[in-house]
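So for the sequence shown, our numbering puts the first residue at 87; every next one is plus one.
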Amino acid sequence: MEAILIAIIMMLVLGALLGLGLGIADRYLRVEVDERIETVTSMLPNYNCGSCGYAGCFGLAEALVNGEVSVVGTCRPCKSEQREKIAEYLNTTPGTDGTCVKVKP
Ligand code: SF4
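Written as structure tokens, this is what we have:
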């Protein structure tokens with residue numbers, strides 16, 4: 087009976103220590119992701135066809151937000167009105183550094 091009690095206490099202590107470790111890791115090792123990448127990804131067609139030269143729509147969205155690509159039309163399947171919306175969004179929405187990306191539809 088005493089061995090079971092010790093095992094239960096050890097499991098609780100171990101769980102608490104691991105939980106504390108995860109909490110600390112979450113606080114200090116967190117990678118900040120630019121919300122614009124997620125938004126632009128959701129605005130793209132999400133065919134993940136790769137014709138833009140990136141593995142998927144997330145890759146092009148990341149390239150647009152980072153300034154590597156300056157023309158939304160790099161995504162050929164994207165309709166013109168959607169290109170306009172993406173360009174307007176990126177040209178008017180500042181990132182974490184307070185600057186906007188200048189892209190053309
Ligand atoms: S071309 Fe457009 S739809 Fe195809 S992967 Fe690139 S962003 Fe996505």
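Note that CB positions come from ideal geometry on N, CA and C, so glycine has one too.
- When the alpha-carbon of Ser128 is set against those of Thr182, Asp183, Tyr175, the nearest one is in Tyr175.
- Its chain contains Cys138 as the residues whose beta carbon lies nearer than 6 Å to that of Thr160, once the 5 sequence neighbours on both sides are disregarded; these appear in chain order.
- Val158 and Thr182 have their C-alpha atoms spaced approximately 21 Å apart.
- Ranked by Cα distance from Glu154, the first of Val189, Cys164, Asn132 is Val189.
- The distance from the Cβ of Pro180 to that of Pro131 is about 25 Å, inconsistent with a contact at the 8 Å cut-off.
- Only buried fits Val151, as 16 or more other CB atoms lie within 10 angstroms of its CB.
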